[in-house]
Amino acid sequence: MPPGGYFGKALIVDLSTGSGCAAAIEDQVLRSYIGGAGLGTWLMHQYCPAGVEPLDPQAPLMFVFSPLVGTPLTTSAKFAVVAKSPLTGRLTDALASSHFAIAGKLTGHDAIVLRGACDEPSVLVIDRGDIHIEPAHDLWGLPAAEAEARLREQKGPAYRVAAIGPAGERGVRYATISHDGRHAGRGGLGAVMGSKLCKAILVRPGTKVASADPAAVLKAAKDLRTRSFGAATAKYRELGTMANLLAFNAISTLPTRNFSAARFDDAPKLGAEEIADLKQIARNSCASCSIGCEHIYRGPDGKKTRMEYENVFALGPLCGVSDADAVIAASSRCDELGIDTISTGGTIAWAMECVEKGLIDAPWLRFGDADALLRAIEEIGAREGLGDLLANGSRAASEEIGKGSDKFAAHVKGLELPGYEPRTLQAMALGLAVNARGADHNRSGAYEADLSGAHDRLHGGEPHVAGAIETENRAAIMDSLILCKFLRGVFAEPYPEWANLLSTVTGWDVDADELAITARRIVLAKRLFNLREGWTRDEDWLPDRFLSESLELESGRTATLTPSRLEAMIDSYYVGRGLDPAGVPNRKTVSELELQSLMDSEPIGAEVG
Amino acid sequence: MLEAAAIVLAGGRSSRMGSPKAALDWHGSTLLRRVTGIVARSVDGPVIVVSAPGQALPALDGAVEIVTDEREGRGPLQGIAAGLAAVGDRAPVAYVSSTDVPLLHPAFVGAILQALGDDVDVVLPEVGGYRQPLSAAYRVDLLGTIDDLIAADRMRPAFLFERSRVLHLTEPDLLKIGALNRLDPGLRSVSNLNEPADYERAHALPAPQIVVERFGPLARAGSGPRRQTVQAWSLGEAAVAIDLALDEHVVAALNGDKITRDPHVPLVSGDTLAFMVADAGG
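Chains Z and W supply the protein sequences, listed in that same order.
Heads up: the first sequence begins at 400 in my numbering, then just goes up one per residue.
Heads up: the second sequence begins at 36 in my numbering, then just goes up one per residue.
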C-alpha cells in the first residue's frame, strides 16, 4: 500500500509507440522528494539521459502531481511540469493549476512522464487505464485554449486538457503549456512538448485516492480555508499581483526600459489601483482555491485576459509601453500564442535597446511603441523576420548579435529576469543568480527578505544570504506539497504546519525538522541535475548591466551592486548550502541530505522510440 | 548617503532640564530615538550613541551602537573622543550631534558632511551668533589631537579648533545650500533644548507635513485618498493620521528607500511615506 495521497507509481509513456507502463516509486523516494517540483527533479535524474538536447525526442517531459492534490486543502490543485529547458539547457519546473492536476492524478499516477515523439501532430489521451495517441492535424496551429475547448467538446467535459499554442509547435524557446488559461510558463516547456509533436494531453480520472486520516484532513482544510480569507491574502483577492506595480515603482524596484531604470513615470497608467475599476470585469480562481487571485480584464478587442504583475511589468515598463489597452492586448496575444510573458517582454526589451544602440536594423522596434511591441510578439509566435531570432530568448539572440549586447541581456542561465530590480533588492539579486532554474521569482522568493525591512536592501551581505536561502527552502517545500505561494502568509509557523498537513494526508510522522532537511535536499537535487548537465560556477551570476550601472533612488541614495559584493554573497550562499567553492555539494552535505543515490544513478532506459 | 558615521552624545547631565533629555517624550517616541533616527538617514556608516556609565537609555533602533564614556562629566570633547574611537576605521568623518535637537533635519546633516572637503578637518556651523560644535562634522583622524588635548586637560572644543583646519559656515552660507534652504529655512536643526520651557515650546510646534501614499489594497475604495498630506512626527503618527493599523501585513517605504514598520521612525518636512502591503511579490 502506498502512503496516503499517493499511488506510488509514475506512468511512463512512449509517444513514439503510444504505449505506456507504470513504474513504481518507492515510499522512501516519495517521502524524500514529496511531489511536484521535488519529485519531478528526482524523476529527471532517473529518466533524462545525460547531455540530451532539450528538444531531442529522448528528452522527457513530466507532469508531476503531489500528495495534497485531490484533498480539500485550499490551493492544492496544482501540478508541476518538469523538463530540461530549451532556453537554459538546465532543469526547469513550472507550476500550473486547477482541474488538470486532479484529473491527471486520478488517472492513478503520481506523475506522467512523456518520452519519445509522435510521428505526426497528435494528442495523447490517458483515459483511466487506457493510453493512446490520436492524430491532431486539425488542432495544429490553434491557440491552446481553443484546442482545449475543441477537445473537451469532442471527448466530453470529464476530460481535462493541457495544451500548447502555435509558439510551442514552432519551437519558441519560451513557449508555455497551458490548462484552462493558466500556464506552466517559464523555461520553454511548450517547446519541449511541441518538439514531440504533441499538441495536448487529455486526462480523464478513473480512480480515487485516500488520505491517511480523512477526518483530520477535512478539519485542517476548513481551518486553512478560514485563514485564507484573512489579511495575508487580501492583496491577491482585491487587486491581484498587479498591486505590485505602483508599489514597486515607488521603491525603485520596477524594471523599466530593459532594466536601464527602476522607475517608470507612466506607471500610474498601468497600475491596478488606477485601471481596475475601468477594465476589470471579473475575478476567478483555480479549482480548490478559496483565494481567487485571478483578475480578468477586458482588452480593446473585447477579449478577456488574466492580468498579472509579471505580464504588465514585462510588456509595459520593461518595454517602455504605458498604454494599458496595448499591454492587455499584448498579454492576451502571448496567451494565445502560448509564450511566457516575462521572457517575451525581456527579449523584446533587449532588442529595443539593440535597435536604440544601432546593433539591430529594425527601426520600427522602439521603446514605448505599443504597435512595435505587438508586431514583435506576432513575429516571435510565427518565428518570422526578427521574431525568429527573438524566439530563442535574449541569451541566444545576444550571442548571435554580439557587439557587447550580452552586457544588457537581462537573463540568468538564459532565463529572463522577472520584475524585481536586483540592484535595489540585493537578497533577490543573490536569489536570481544562484537559482537552478535561472532568474526566477517563484523558486527564489528572496525579495520577501528585502521587502521585510529587516535589512538594508541596497547593501547585500550576510542577512541577505540567509534570507535568500530560507525563502528558497520554503519555496522548495511549497512547490512540492504543492500549495500556492499566495497562501504563504497565512502560515505563522510554516514548517510545523506543513509537516502536519503532510502527515495528515500521508500517515507519515513527518516533523518540521525533517521537512527542513527535505527542502535543502530538493534545492540541491536541482543543482546536482544541472551539474550533471555541465553547469559551472560562472552560471551563478548576473548580467554585466547590474554590476556596472548604478541606480539613483528618490531618497538620494545610490543603489550599486558590485561584482565583489555579489561574489561575496555567492561564496556565503555556497557555505550556507554546504557547497564547496565550485558550487558542488561537499561530502558532508551529500551524506546529510542523502544525495549520493542521485549522483550515482544512471538514467533509466536511455533509448526509446 | 555619505561615507560617514554619526555620533550622538547622550551622556550630558541634563541638570537644567531636570530630567534626562535622552528619554524625554517626543510625540510617542523619545528625543534620543528621534535624533539617532534622523542622523542615520544621512550616513551609511555606524550610528553611535555615547552614554555615561550606568545611564539608562530609551529603546533605540537595533543598528545603533552604544558606547560608554567612562570619564563622564568632562565635557563634549571627551564624548566626541569616545565616539570617534568607536568609529575607528569604519568611516573617515563623523557628524556629531547632541541629543536635544528634535528639529534636526537630515538635509542639515547632509549639508554639513558634504562641506567637509579634503582640506578641512572640522565643519563648524555658526547659527544665532553661536558656534555649534555639537552640530558639526569632524574628521575621525582628529582623535589623536583630541586625546592630546584631553591629556593636557584642555577640554574646551575651542582648543581643538585652534589646532585643526576649520570651515566655518555662517547662516548665509548654510542657506545658500538649496536643499537646506528649502527644507529647514529657519535652521531649526540646531535648536537645542536646555530647560523645560524650551522643551515645551518645541513640543507644542506643529508636526512636519508629510506626503502619504497608499498602494494596493490599502488604496481601495473607502480607505481614503491614495495620496494626501498629513502632519506627523513619526511613522506611527502618520499611520494613525490615515487610520491605518501598522500590523504585520503593512510596511512603509520612506522616501522610496528604507522599508520599515517601526512606528518610531522619525519624519521630517519633505518626507514621502508609501504604505504598502507586506505580502509583496507574486
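We put the CB at the ideal spot given by N, CA and C, even for glycine.
Please read these numbers as outputs of a predicted model, since none were measured by experiment.
For chain Z, is any of its Cβ atoms less than 8 Å away from the one on residue 291 of chain W? For residue 291 of chain W, at least one C-beta of chain Z is nearer than 8 Å to its own C-beta.
Given a limit of 7 Å on CB to CB distance, which residues of the stretch 648 to 672 of chain Z reach chain W? Going along the stretch 648 to 672 of chain Z in chain order, one finds 649, 650, 651 and 672 with a Cβ nearer than 7 Å to chain W.
How would you list, in chain order, the residues of chain W whose beta-carbon sits under 8 Å from the beta-carbon of residue 638 of chain Z? In chain order: 251, 252 and 255.
When Cβ atoms are compared, which residues of the stretch 711 to 732 of chain Z fall closer than 8 Å to chain W? Listed by position along the chain: nothing, the set is empty.
Does DSSP put residue 272 of chain W in a helix, in a strand, or in coil? In this structure, DSSP gives residue 272 of chain W a helical state, which the three-state scheme calls helix.
For residue 678 of chain Z, which residues in chain W fall below 7 Å Cβ to Cβ? Here the premise fails: no neighbours, minimum Cβ distance about 16 Å.
Burial state of residue 995 of chain Z, where buried means 16 or more other Cβ atoms lie within 10 Å: With fewer than 16 other beta carbons inside 10 angstroms of its own, residue 995 of chain Z counts as exposed.
Using C-beta distances below 6 Å, list every residue in its chain close to residue 511 of chain Z, excluding the 5 sequence neighbours before and after it, in chain order. These residues qualify, in order along the chain: 410 and 462.
Looking at chain Z, is there any beta carbon in it that lies within less than 8 Å of the beta carbon of residue 208 of chain W? False, the Cβ-Cβ gap to chain Z never drops below 8 Å.
Any beta carbon of chain W sitting closer than 8 Å to that of residue 954 of chain Z? Chain W contact via Cβ: present.
Short of 6 Å in beta carbon distance, which residues of its chain neighbour residue 416 of chain Z, apart from the five on each side in sequence? Order them along the chain. Closer than 6 Å at the Cβ level, and outside the excluded window around residue 416 of chain Z, lies no residue.
Can the beta-carbon of residue 275 of chain W be found less than 8 Å from the beta-carbon of residue 312 of chain W? No; because the gap between Cβ atoms is not below 8 Å, this pair is not in contact.
Completely contained alpha helix (DSSP H) runs for the stretch 59 to 88 of chain W, where each covers 4 or more residues: Runs of the alpha helix (DSSP H) inside the stretch 59 to 88 of chain W: 66 to 75.
For residue 864 of chain Z, three-class secondary structure by DSSP: Here residue 864 of chain Z sits in helix by DSSP.
List the whole-angstrom C-beta distance separating residue 897 of chain Z from residue 876 of chain Z, where the pair is believed to meet the contact cut-off of C-beta under 8 Å. Residue 876 of chain Z and residue 897 of chain Z do touch by the CB rule: their CB atoms are close to 6 Å apart, below 8 Å.
Spell out whether any CB of chain Z is found under 8 Å from the CB atom of residue 105 of chain W. Not flagged as an interface residue toward chain Z: residue 105 of chain W, since no C-beta distance is shorter than 8 Å.
If you count every other CB in all the chains shown that lies within 10 Å of the CB of residue 56 of chain W, and 16 or more means buried, which is it? With 16 or more Cβ atoms within 10 Å of its Cβ, residue 56 of chain W is classed as buried.
If you draw a straight line from the alpha carbon of residue 741 of chain Z to that of residue 302 of chain W, how long is it in whole angstroms? The C-alpha of residue 302 of chain W is placed about 38 Å away from the C-alpha of residue 741 of chain Z.
Does residue 286 of chain W get closer than 8 Å to chain Z when you measure Cβ to Cβ? Interface residue, yes.
Going by DSSP, what residue range makes up the alpha helix (DSSP H) through residue 622 of chain Z? In this chain, the alpha helix (DSSP H) harbouring residue 622 of chain Z covers 613 to 626.
CB-CB under 6 Å to residue 766 of chain Z, same chain, minus the five flanking residues each way: which ones, in chain order? Cβ neighbours of residue 766 of chain Z beyond the five flanking positions: 656, 719 and 751.
Contact list for residue 477 of chain Z against chain W, beta-carbon separation under 8 Å: Ordered by position in chain W, no residue passes the 8 Å Cβ test against residue 477 of chain Z, which lies about 15 Å from the chain.
Should the stretch 238 to 246 of chain W be called in touch with the stretch 193 to 205 of chain W, which here means at least 3 C-beta pairs below 8 Å? At 8 Å Cβ cutoff, the stretches do not touch.
Looking at the C-beta of residue 71 of chain W, does it have a partner C-beta in chain Z at a distance below 8 Å? Closer than 8 Å: no.
DSSP three-state assignment for residue 429 of chain Z, whether helix, strand or coil: Residue 429 of chain Z carries a helical assignment under DSSP once its states are collapsed to helix, strand and coil.
On the CB-based measure, 16 or more other CB atoms within 10 Å of its CB, does residue 91 of chain W come out buried or exposed? Residue 91 of chain W is exposed by the Cβ-count criterion.
Does DSSP put residue 194 of chain W in a helix, in a strand, or in coil? Residue state, collapsed to three classes: helix.
Do you know how far the Cα of residue 890 of chain Z is from the Cα of residue 652 of chain Z? Approximately 26 Å, taken between the alpha carbons.
Report yes if the CB atom of residue 98 of chain W is closer than 8 Å to the CB atom of residue 178 of chain W, and no otherwise. Residue 178 of chain W is positioned such that its CB atom lies no closer than 8 Å to that of residue 98 of chain W.
Who are the Cβ neighbours of residue 938 of chain Z in its own chain at under 7 Å, not counting the five residues just before and after it? Closer than 7 Å at Cβ, skipping near neighbours: 812.
CB residue 929 of chain Z to CB residue 835 of chain Z, shorter than 8 Å? Result yes, Cβ atoms of residue 929 of chain Z and residue 835 of chain Z sit closer than 8 Å.
Going by DSSP, name the residue or residues bridged to residue 307 of chain W. In the DSSP output, where bridge partners are listed per residue, residue 307 of chain W has W:246.
Residue-chain proximity (residue 155 of chain W, chain Z), Cβ-Cβ < 8 Å: By the rule that beta-carbons nearer than 8 Å mark a contact, residue 155 of chain W does not touch chain Z.
List the residues of chain Z whose Cβ lies closer than 7 Å to the Cβ of residue 248 of chain W, in chain order. Chain Z residues near residue 248 of chain W: 649.
Any beta carbon of chain W sitting closer than 8 Å to that of residue 850 of chain Z? Yes, its Cβ sits closer than 8 Å to a Cβ of chain W.
At the level of alpha carbons, what is the spacing between residue 666 of chain Z and residue 248 of chain W? Each residue's CA atom was taken as its position, placing residue 666 of chain Z and residue 248 of chain W some 15 Å apart.
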